[in-house]
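Down below is the structure, laid out as structure tokens.
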Amino acid sequence: MKNNLRDFLKSAGLTGAGFFAGILSPAESQSIYDNRILNKENATRFNMCGYAAPGLETVRIGFIGLGNRGPSAVNRMRRIEGVDIKALCDLRQEKATAAKKIVENTLHHPDIYSGTEHEWKKVCERKDIDLIYIATPWHLHTSMAVYAMEHGKHVAVEVPAATSLEECWQLVQTSEKSRKHCMILENCCYDFFELLTLNMARQGFFGEIIHCEGAYIHDLLEGNFSKDKYHNMWRLKENLNNGNLYPTHGLGPIAQILNINRGDKMDYLVSMSTHDFMMAPMAKELAANDNFYSPYANKSFRGNMNTTTIQTARGKTIMLQHDVTSPRPYSRIHLVSGTKATALKYPLPGRISSNHEGWLTPKEFEVVEKKFEPPIVKKIGELAKQVGGHGGMDFLMDWRLIDCLRNGLPLDIDVYDAAAWSSIKPLSSKSLANRSNSVDIPDFTAGSWKTNAPVDVFLQKGGNTKVVL
Ligand SMILES: NC(=O)c1ccc[n+]([C@@H]2O[C@H](COP(=O)([O-])OP(=O)(O)OC[C@H]3O[C@@H](n4cnc5c(N)ncnc54)[C@H](O)[C@@H]3O)[C@@H](O)[C@H]2O)c1
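Each number in my numbering comes from the position in the sequence shown (counting from 1) with 178 added on.
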């Protein structure tokens, strides 16, 4: 520990992120888009990384998707100063109506949109909305985000933002063209241990970071087969695809620590999966007594454990795992391994070490934790815990998003992050289909990763948005 303490407070040395403001004709845009898809020839014309949209005194929000996840976002947003909730949309009227109850007796008076599959478009078309917040099934994310940006709205979209490479590029192209933010709602970037390790990394605690690991290991077997947990069984249907279906919870925090898209980039990956030993047998067993499950019997499901390794351009490695069936404790791993120290979050509690003899004692850990407490946690960590949402991280994420929009600051997570992090799903699937051969990861930044500034963990600007409990 002493060795590391010596190097604690190295300055991060943030440099400004310049961007080139070019205006494209529709034909030019289409041609760039086609080139990117077909030839992987990248030519960013407007860099959304570090882009600061004009500040908004009030952020007027329209929510789309109010199933399990959406209403908790409504509940968090209503507690943030300078938010006006204008619209609540869900295909199912009862979901939209229930969400409206959350803002009863507050200053928010949202209109309800429901009943048809395209009702959400009306929300995006409204002139008095600034931000569309999307919490629908995965296959709807990109089309909704693109339509919203095309109609002049910033977008916050649940994870993953896209399900195919084409969709990843659509997000990038639309955000650049419209100059609207497209943030992927990767709440794990705002969890307390992840923020702590990001701050430590930035201040040199780990030395040069060599290798990181992340995961989404969460037993959702019963939930995925439940008749009413996910609307129209969308999540079970997604599991008919192979690969790492949900890479961003593990990857997002690590990507920020490794400055992916902001100093480094993911170069290529190799992916390997086990066979499926759990989902097809469960579908078969359920279908034997209940015809509801017949469409899922005799189908091929995702291999239960997927392991994907990623090489970065600067010679670092990332290992990602995805397993949402095995009966084992929840884990996102979150390993940060550097030349001077190591951190590991799971199995909880999170730990830190600087030698091969073991982890810091809880007392030593506390010293480090206090020294590196990130400014955002110092400022509203306790309030976030009170509001809740996965222990407070969801609130930190929403508060920071609103604070940046109100103060006209770049977002911590931009469209290139949304695209790169989401691209692991289709790319891992491609590698699996080809005996785990390596697959290139597109550079969604078109070379700007070399000069883009890292995420501002120091809360240098803004931070003045109040919380209403
Ligand atoms: N970041 C996290 O920690 C976290 C946690 C849970 C879920 N999620 C994400 O949130 C999203 C939603 O998940 P969920 O568990 O709430 O699913 P859900 O099925 O409970 O909710 C989805 C909602 O979308 C609605 N919907 C479907 N089609 C629509 C349409 N055309 N127009 C309007 N509404 C439509 C459905 O009626 C449903 O209420 C997913 O992307 C999921 O990955 C993220």
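Yeah, the Cβ is synthetic: ideal placement off N, Cα and C, and Gly gets one too.
Which same chain residues, not among the five before or five after Gln638, have their C-beta less than 7 angstroms away from its C-beta? none
Where do the ends of the alpha helix (DSSP H) carrying Asp501 lie? Taken as a continuous stretch (DSSP letters only), Asp501 belongs to no alpha helix (DSSP H), being part of the beta strand (DSSP E) at 495-501.
Once the 5 residues before and after Gly385 are set aside, which same chain residues still bring their CB inside 6 angstroms of it? Gly516, Thr517, Lys518
Please report the distance separating the alpha-carbon of His512 from that of Asn469. 41 angstroms
Does the distance from the CB of His319 to the CB of Lys358 come in under 8 angstroms? no
Does the distance between the C-beta of Lys278 and the nearest non-hydrogen atom of ligand 1 fall short of 7 angstroms? no
Presumed contact (8 angstroms Cβ cut-off) between Ala631 and Gly228, rounded CB distance: 6 angstroms
Same chain, Cβ closer than 6 angstroms to Gly528, five either side skipped, listed in chain order: Phe371
Which residues does DSSP pair with Met322 in a beta bridge? According to DSSP, which records beta bridges pairwise, Met322 is partnered with nothing at all.
Would you list the one or two residues that DSSP bridges to Ile239? Ile263, Leu309
Between which two residues does the alpha helix (DSSP H) containing Gly528 stretch? Looking at the DSSP string, Gly528 is not in any alpha helix (DSSP H), and its letter there is neither H nor E.
My output table needs one value for Cys360: the three-state DSSP class, helix, strand or coil. strand
Is the distance from the Cβ of Leu373 to the Cβ of Pro507 below 8 angstroms? no
For ligand 1, is there a heavy atom less than 7 angstroms away from the beta-carbon of Lys273? yes
Inter-residue spacing [alpha-carbon to alpha-carbon] between Ser532 and Glu364: 29 angstroms
Can you name, in chain order, every residue of its own chain whose Cβ lies under 6 angstroms from the Cβ of Leu583, other than the five neighbours on each side? Leu234, Val237
For a minimum of 4 consecutive residues, which ranges assigned as the alpha helix (DSSP H) are wholly contained in the region 583-633? 593-600, 602-611
Measure the C-alpha to C-alpha separation of Leu610 and Met571 and round it to an integer number of angstroms. 33 angstroms
Provide the residue(s) that pair with Thr490 in DSSP beta bridges, ordered along the chain. Met444
Below 7 angstroms, is the gap between the Cβ of Asp262 and the nearest heavy atom of ligand 1? no
Between Gly640 and the rest of its own chain, which residues show a CB-CB distance below 7 angstroms, the 5 nearest in sequence each way excluded? Asp581, Cys582, Asn585, Leu587
With C-beta atoms as the reference, is Ala521 less than 8 angstroms away from Thr375? yes
Determine the direct distance from the alpha carbon of Phe224 to that of Ser600, and round the result to whole angstroms. 21 angstroms
DSSP on Val341, reduced to helix/strand/coil? The sequence given here has Thr at residue 341, not Val. Note: Thr341 maps to coil in three-state DSSP.
When you compare the CB positions of Pro315 and Tyr424, do they come within less than 8 angstroms of one another, or not? no
Given the structure, does Leu574 come close to ligand 1, in the sense that its CB is under 7 angstroms from one of the ligand's heavy atoms? no
Check the DSSP bridge columns for Leu513 and list the partner residues they point to. Glu391, Leu522
Mind pulling the alpha helix (DSSP H) runs of 4 or more residues that sit fully within the region 388-433? 399-403, 412-416
In terms of residue numbering, what span does the beta strand (DSSP E) encompassing Ile290 cover? 289-291
Exposed unless 16 or more other CB atoms sit within 10 angstroms - verdict on Phe403: buried
Where do the ends of the beta strand (DSSP E) carrying Val333 lie? 332-335
What did DSSP end up calling Asn533 once you bin it into helix, strand or coil? strand
Endpoints, the alpha helix (DSSP H) within which Gln564 is located: 553-565
In whole angstroms, give me the CA-to-CA distance for Val633 and Asn615. 32 angstroms
What do you reckon, is the C-beta of Arg480 under 7 angstroms from a heavy atom of ligand 1? no
Taking Ile242 as the reference, which of Asn283, Ile307, Met226 has the closest Cα? Ile307
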